[in-house]
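See below for the structure under consideration.
Number of protein chains: 4
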Amino acid sequence: MDGFSFSTEIRVRFAETDAQGIAHHAAFVVFLEVARVAYLEAYAGGYQAIRDTGIEALTTEVHVKYHQAAYFDERLTVWTRCTDLRGARFRYEYRIEREGELVVEGHTSHATVDRETYRPTRVPAWLADAIARAEAPAA
Amino acid sequence: MDGFSFSTEIRVRFAETDAQGIAHHAAFVVFLEVARVAYLEAYAGGYQAIRDTGIEALTTEVHVKYHQAAYFDERLTVWTRCTDLRGARFRYEYRIEREGELVVEGHTSHATVDRETYRPTRVPAWLADAIARAEAPAA
Amino acid sequence: MDGFSFSTEIRVRFAETDAQGIAHHAAFVVFLEVARVAYLEAYAGGYQAIRDTGIEALTTEVHVKYHQAAYFDERLTVWTRCTDLRGARFRYEYRIEREGELVVEGHTSHATVDRETYRPTRVPAWLADAIARAEAPAA
Amino acid sequence: MDGFSFSTEIRVRFAETDAQGIAHHAAFVVFLEVARVAYLEAYAGGYQAIRDTGIEALTTEVHVKYHQAAYFDERLTVWTRCTDLRGARFRYEYRIEREGELVVEGHTSHATVDRETYRPTRVPAWLADAIARAEAPAA
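The listed protein sequences correspond, in order, to chains X, H, Z and V.
Following our numbering, the numbering of the first sequence begins with 1 at its first residue and continues without gaps.
Following our numbering, the numbering of the second sequence begins with 1 at its first residue and continues without gaps.
Following our numbering, the numbering of the third sequence begins with 1 at its first residue and continues without gaps.
Following our numbering, the numbering of the fourth sequence begins with 1 at its first residue and continues without gaps.
Here's what the structure looks like:
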């Protein structure tokens with residue numbers, strides 16, 4: 001996908017469908033989280049490792065635009081990139097596709113906080129660096 | 001709430017919390033749906049009645065902004081209004097509050113489709129009228 | 001309900017339905033938890049109050065028998081009783097009904113643990129007493 | 001695993017954790033379903049293919065015994081076997097392990113029904129045969 005260098009695969013679970021016979025729209029919000037976790041595993045040692053340093057990443061905004069319905073057992077590709085990392089804030093952008101067809105677009109915003117105080121705390125330098133490397137344009 | 005004439009109450013379930021100790025952000029997307037269902041029950045005979053006429057309302061967009069975390073067992077008030085009903089499309093706006101404090105703002109967009117063909121179909125006149133009456137400014 | 005003195009009401013959410021057009025079977029496991037929370041609120045000051053004393057109640061067993069399907073927006077009555085409280089262990093039994101018709105039977109087992117160490121810890125006497133009073137046969 | 005010839009892998013999602021810091025007990029009921037779907041894909045052409053023949057498999061009973069908690073991002077192995085297939089009824093048994101340690105045991109019961117009438121209908125011979133072959137003891 002143009003502009004995205006990372007993707008992960010999702011399979012629609014039966015429990016994620018609804019009485020319209022499609023994947024429920026709230027399930028996609030979970031798919032985005034699964035993609036962030038996979039992204040952090042690929043580039044930054046995993047989300048749990050970040051949590052273990054005493055930081056939580058809160059979700060401060062979710063935006064999802066649904067272009068097509070998805071159905072039980074379909075394989076979806078979640079293209080994911082991390083952008084606008086600054087201080088204690090960062091943003092992810094997503095495109096979910098099914099065999100190259102756009103199903104969902106979205107973005108989420110996040111803030112890192114101290115796990116004990118829930119006060120904003122800067123994204124650690126090692127994590128910011130890891131993301132910068134992951135998102136650096138290929139030469 | 002200024003500009004909202006309808007609200008419904010939500011209680012945060014334990015299953016809706018996450019390992020951050022707060023209500024998971026995806027749970028709020030479900031809360032908005034619960035509020036729409038309550039709204040349609042109050043003003044338009046219920047969502048199931050609408051489905052029974054052969055129409056499904058798809059969710060085409062979700063936007064949620066999280067201002068505060070919510071916690072297990074808290075009572076939240078979901079202020080809800082329906083706006084911009086036109087043809088086969090309409091929009092809901094929400095403010096979720098806890099004891100008057102803003103927790104979440106959001107809006108969702110929807111399209112009505114024929115239940116069999118999934119083709120767009122106008123919101124029936126009776127439903128558009130019911131919503132117009134519900135949202136009419138008090139004299 | 002014979003043998004049950006407590007019940008709470010559940011309304012099936014659209015997000016809880018699945019592509020079979022019915023409430024997904026896992027949703028009922030959450031309904032049982034909602035009923036336990038309501039039970040503890042009615043008789044023992046609420047589950048959060050118990051958690052605040054440094055105790056967590058783990059679920060160690062779930063059994064659900066599905067007699068009828070339930071559908072979107074239906075109101076279900078969850079009859080609930082707490083039994084076999086002994087040491088760090090207790091059990092709940094449930095009957096979920098729709099207008100007097102049996103939909104689901106179930107029981108769950110639980111163990112109280114210390115919130116920090118996750119070691120088993122006896123149910124506090126005040127809580128055991130509150131439950132004993134709640135379940136005492138009417139004279 | 002002794003007595004099991006099929007397993008699938010699950011990764012605990014953050015959305016599946018709860019405020020106890022562990023995977024919520026209801027999430028495991030979904031994991032069992034994911035395992036059934038993977039089983040049917042491996043041995044019987046997939047659950048959707050079965051649904052496409054006009055049959056739905058209802059879940060009539062769920063039993064889960066929790067031996068250990070599971071945590072965010074852990075990889076779990078869900079050992080799965082189908083047993084007691086007779087007429088319109090069958091049963092699955094499960095052992096969920098983490099690195100060889102037992103986390104959860106469970107079983108579920110199911111009934112096949114006609115998709116239109118919801119009347120019980122025998123498991124089709126081709127599916128019964130496929131399962132019999134899958135579960136045949138290795139010579």
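Just so it is clear, CB atoms sit at the ideal spot from N, CA and C, and this is done for glycine as well.
- In this structure, H/Asp84 and H/Arg91 form a Cβ contact; the two beta carbons are roughly 4 Å apart against a cut-off of 8 Å.
- Rounded to whole angstroms, the gap between the alpha carbons of Z/Val29 and Z/Val64 is 8 Å.
- Annotation: the continuous beta strand (DSSP E) that includes H/Ile96 extends over Arg89 to Arg98.
- In the DSSP assignment, H/Arg75 is bridged to H/Arg11.
- In summary, V/Arg81 is buried, with 16 or more beta-carbon neighbours lying within 10 Å of its beta-carbon over all protein chains present.
- When DSSP reads this structure, Z/Val104 sits in a beta bridge with Z/Tyr66 and Z/Ile96.
- DSSP places V/Asp129 inside the alpha helix (DSSP H), whose first and last residues are Ala125 to Glu135.
- Residue environment: H/Glu99 is assigned as exposed (fewer than 16 neighbouring CB atoms within 10 Å of its CB, all protein chains considered).
- For Z/Leu32, DSSP records no beta bridge to any residue.
- Proximity to Z/Ala88 across Z/Val34, Z/Glu56, Z/Phe6 and Z/Leu40 peaks at Z/Glu56, based on C-alpha coordinates.
- About 12 Å separates the Cβ atoms of X/Ala27 and X/Tyr71, ruling out a contact at the 8 Å cut-off.
- For V/Ala49, the enclosing alpha helix (DSSP H) covers residues Tyr47 to Asp52.
- Taking the beta carbon of H/Gln20 as reference, the chain X residues within 7 Å of it are Glu56, listed in sequence order.
- In the DSSP assignment, the residues bridged to Z/Ser109 are Z/Glu61 and Z/Arg91.
- Under the Cβ criterion of 7 Å, V/Tyr66 is counted among the residues facing chain Z.
- For Z/Ala26, a Cβ of chain V is located within less than 7 Å of the residue's own Cβ.
- Of the candidates V/Pro124, V/Ser7 and V/Ala38, the residue whose Cα lies closest to the Cα of X/Val12 is V/Ala38.
- With a beta-carbon spacing of about 12 Å, H/Phe31 and H/Trp79 fall beyond the 8 Å limit used to define contacts.
- Within a 10 Å sphere around the beta-carbon of Z/Gly106 sit 16 or more other beta-carbons, which makes this residue buried.
- Under DSSP, the beta-bridge partners assigned to H/Phe6 are H/Thr80.
- The closest CA to that of H/Arg86, considering only H/Leu76, H/Tyr66 and H/Ser109, is found on H/Ser109.
- Cβ-Cβ distances below 7 Å link X/Ile131 to Tyr43, Ala44, Cys82 and Leu85 in the same chain, with the five nearest sequence neighbours on each side left out; the list follows chain order.
- Within the DSSP bridge table, the entry for V/Ala23 names V/Thr17 as partners.
- In the structure shown, X/Glu116 adopts coil according to DSSP, grouped into three states.
- In this structure, the beta-carbon distance from V/Val103 to V/Gln48 does not fall below 7 Å.
- Closest option to V/Glu74, judged by alpha-carbon separation, among X/Leu58, X/Glu41, X/Thr59 and X/Glu97: X/Glu41.
- Setting aside the 5 residues that flank it on each side, X/Glu93 is surrounded in the same chain by Arg81, Thr83 and His107, each with a C-beta closer than 7 Å to its C-beta; the list follows chain order.
- Of all residues in the stretch 100-127 of chain V, none has a C-beta nearer than 8 Å to a C-beta of chain X.
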